[in-house]
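Peer 1:
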Amino acid sequence: MNSYTSELVKPPQGPLRITSTHSGLPFSLVIPTYNESKNVGKLVSYLSALLDNLLPNQYELILVDDNSPDNTWEVAQQLTSNYPQLRVMRRQQERGLSSAVIRGWQVAQGEILGVIDADLQHPPETLKQMIHHVQAGADLAVASRHVHGGGVSDWSPIRRFLSRGAQVCGLLILPSVVGRVTDPMSGYFMVRRSAIAGHTLNPLGYKILLEVIGRGNVGEIAEVGYVFQEREEGESKVTWKQYVEYLGHLVRLRSQGRIARIRQKFPIGRFLRFGVVGLSGVFVDMVVLYLLSDPSTLAWGLTRSKIIAGEVAILNNFLWNDAWTFADIARSQQGMGARLKRFLKFNVVCLSGLVLNVLLLNLIFNVVFGQQYRYLANLIAIAVVTAWNFWMNLKLSWRVTQVKKSDN
Ligand code: GDD
Ligand code: MN
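Per my numbering, the sequence shown starts with residue 3, numbered consecutively.
(1) Starting from G227, trace the beta strand (DSSP E) in both directions and tell me its first and last residue.
(2) If we count Cβ pairs, one from each stretch, closer than 8 Å, do we get three or more for the segment 112-125 versus the segment 229-237?
(3) Between which residues of its own chain and A145 is the CB-CB distance below 7 Å, once the five residues before and five after are set aside?
(4) Output the distance between the C-alpha atoms of S196 and L353, rounded to the nearest integer angstrom.
(5) Where do the ends of the beta strand (DSSP E) carrying G116 lie?
(6) How would you label R147, buried or exposed, when you count the other beta carbons within 10 angstroms and need 16 or more for buried?
(7) Please return the same chain residues whose Cβ sits closer than 8 Å to the Cβ of L1, not counting the five positions on each side in sequence.
(8) When burial is assigned at 16 or more other CB atoms within 10 Å of the CB, is N1 buried or exposed?
(9) Could you work out which residue in A120, L53, G98 is closest to T74 when comparing CA atoms only?
(10) Could you tell me the distance, in whole angstroms, from the CA atom of L249 to the CA atom of T35?
(11) Please confirm whether L18 and S101 have their CB atoms less than 8 Å apart.
(12) Please go through the same chain and pick out, in chain order, the residues whose beta-carbon is closer than 6 Å to the beta-carbon of D141, but skip the five residues on each side of it.
(13) Can you tell me whether T35 sits near the ligand GDD, meaning its C-beta is under 7 Å from at least one heavy atom of the ligand?
(14) State whether the segment 70-85 contacts the segment 165-181, with contact taken as three or more CB pairs (one from each stretch) at a distance under 8 Å.
(15) Please state whether DSSP places T35 in a helix, a strand or coil.
(16) Going by beta-carbon coordinates alone, are V90 and L203 separated by less than 8 Å?
(17) So what does DSSP say about E213, is it helix, strand or coil?
(18) Skipping 5 residues on each side, what residues in its chain have a beta carbon closer than 7 Å to that of V386?
(19) D46 and L81 look like a contact to me (Cβ under 8 Å); what is the Cβ gap, rounded to whole Å?
(20) I'd like to know whether the C-beta atoms of F29 and I104 end up nearer to each other than 8 Å.
(21) Tell me the start and end of each unbroken alpha helix (DSSP H) in the segment 138-224 that is at least 4 residues and wholly inside, in chain order.
(22) Nearer than 7 Å: is that true of the beta carbon of K239 relative to any heavy atom of the ligand GDD?
(23) Bridge partners of S30, per DSSP?
(24) Given this structure, state the Cα-to-Cα distance separating A37 from G218, to the nearest angstrom.
(25) Name, in chain order, the residues that DSSP records as bridge partners for F320.
(26) Please report the distance separating the alpha-carbon of S50 from that of I175.
(27) For L88, which three-state DSSP category applies?
(28) How would you write the range of the alpha helix (DSSP H) that H251 sits in, first residue to last?
(29) Rounded to whole angstroms, what's the CA-CA distance from F268 to L274? Just pull it up for me.
(30) Cα-Cα, which of L281, V278, A311 is closest to V290?
(31) For A315 versus G277, is the C-beta spacing smaller than 8 Å?
(32) Output the boundary residues of the alpha helix (DSSP H) element that contains V350.
(33) Who are the near neighbours of K407 in its chain, counting only those whose CB is closer than 8 Å to its CB and skipping five residues on each side?
(34) Is any heavy atom of the ligand GDD found at a distance shorter than 7 Å from the C-beta of S47?
(35) Between which residues of its own chain and K209 is the CB-CB distance below 8 Å, once the five residues before and five after are set aside?
Rendered as structure tokens:
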């Protein structure tokens with residue numbers, strides 16, 4: 003072991019674009035940092051142990067620090083004497099997570115370009131399967147909290163809700179990008195250099211994966227489940243500002259420049275099955291309503307009866323969708339817990355559909371048609387809500403992403 007630390011890497015300037023030339027090194031992993039001095043030692047030692055095994059002498063680690071007040075860059079630079087595969091960039095002009103990652107990739111030599119958080123919230127072992135998938139042909143491998151084997155550790159309901167809300171906004175604003183992965187917020191992924199080389203990346207805020215999928219030329223995507231760990235040292239840099247930037251980023255991606263359009267086949271078979279199940283639900287709803295509220299039967303109050311009838315219909319639809327419409331997905335997410343989770347999500351989506359239905363009916367009847375054609379307005383509202391229910395359940399409850407998935 004030598005005792006010399008290596009020189010700092012100079013931050014590149016100019017457009018945020020990656021060239022296609024590389025040295026033949028298989029893998030470069032960028033670690034963006036801001037005030038992570040307490041974490042970098044442990045992280046670099048974990049990563050090195052893992053990668054020395056997996057890709058001996060065939061990888062590099064590039065830490066990109068934005069001149070942290072806690073001198074993360076300096077702590078990291080001292081590590082280079084023990085870890086010669088580590089290079090450190092100290093940025094004094096530019097700031098921000100996404101540009102840090104791209105600047106790191108710009109000086110990278112690898113054919114596969116990756117990124118991992120420095121705070122040990124991304125378990126390094128997941129890299130193994132991600133690398134495996136890219137070597138097997140995927141252009142992009144994403145560590146996901148929302149496929150089998152994935153999750154979050156200790157999140158409050160509010161945080162889960164915000165995270166999901168952000169995903170739903172993404173599905174609405176930019177379905178062709180956000181809908182391609184189960185965890186569009188992931189900051190833990192690797193991409194084949196050739197898929198992004200030559201495209202200028204223009205990210206805003208935190209979510210660089212959106213930029214990679216949106217601007218790059220990403221064919222096959224693989225997803226690997228991982229559990230988002232709790233932070234032990236240092237603090238998260240996320241504030242409300244990142245949520246605003248995220249929305250701004252989606253709008254900008256949508257409105258500006260070329261969006262990579264990978265043709266996604268409309269799942270017509272699934273949609274038809276979903277429609278048939280929906281019709282069966284109408285029948286169930288009617289029968290239960292009759293049994294509970296009709297004067298010749300139980301004669302219960304209308305509201306109470308309808309709530310029960312509606313919920314029985316939702317249960318009916320869920321069971322058929324789980325067993326038929328989305329049977330392939332349900333098979334890969336077995337167990338009572340997973341099933342219950344799907345049912346709860348299905349309920350939430352149906353409820354949101356009901357609210358949307360009422361709003362749309364009012365809007366179309368009162369505003370668009372000038373208080374005429376009540377039933378036509380209702381028919382249109384129902385059609386829109388059916389599409390909404392289908393799409394949201396496809397992306398959230400059963401999570402179909404048209405990609406190759408890893409199960410372990
Ligand atoms: N260079 C640089 N500049 N690094 C930064 C900056 C910056 O301005 N801001 C944050 N980082 C680094 C942090 O030091 C950490 O290594 C990583 O980026 C993630 O930042 P955190 O602040 O820890 O983010 P988080 O854990 O709340 O948020 C994460 O959310 C996703 C899941 O919801 C994201 O960063 C994703 O990576 C993650 O998957
Ligand atoms: Mn973090």
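Glycine included, every Cβ here is placed at the ideal spot set by N, Cα and C.
Peer 2: Taking the definition as stated:
(1) In the DSSP assignment, G227 falls within the unbroken beta strand (DSSP E) covering 223-227.
(2) yes
(3) H124, T128, M132, S188, Y190, F191, V226, Y228
(4) 44 Å
(5) 112-117
(6) buried
(7) Shown here, the chain extends from 3 to 410; a query on residue 1 therefore has no answer.
(8) Given that the chain is displayed from residue 3 to residue 410, the structure contains no residue 1 and the question cannot be resolved.
(9) Measuring from the Cα of T74, the nearest candidate turns out to be A120.
(10) 23 Å
(11) yes
(12) R194, A197, V220, G221, E222
(13) T35: yes, Cβ under 7 Å from the ligand GDD.
(14) Because the criterion of three Cβ pairs below 8 Å is not met, the segment 70-85 and the segment 165-181 do not touch.
(15) When secondary structure is reduced to three states using DSSP, T35 falls in the strand class.
(16) no
(17) helix
(18) L362
(19) The residue you asked about is not Asp; residue 46 is Val in the sequence shown. Yes, V46 and L81 are in contact; Cβ-Cβ is about 5 Å, under 8 Å.
(20) no
(21) 159-175, 177-180, 195-198, 210-217
(22) For K239, the distance from the CB to the nearest heavy atom of the ligand GDD is below 7 Å.
(23) Under DSSP, the beta-bridge partners assigned to S30 are E62, L115.
(24) The amino acid at residue 37 is misidentified as Ala; the sequence shows Asn. Pairing N37 with G218, the inter-Cα distance amounts to about 30 Å.
(25) Residue pairing by DSSP places F320 in no beta bridge whatsoever.
(26) Just so you know, the alpha carbons of S50 and I175 end up roughly 40 Å apart.
(27) strand
(28) 242-257
(29) 11 Å
(30) For the residues L281, V278, A311, the minimum Cα distance to V290 belongs to A311.
(31) no
(32) Per DSSP, V350 is one residue of the alpha helix (DSSP H) stretching across 338-364.
(33) In this prediction, K407 scores a pLDDT of 47, lower than 50, which makes its location untrustworthy; no coordinate-derived value is stated.
(34) no
(35) S100, P186, M187, G189, Y248, H251
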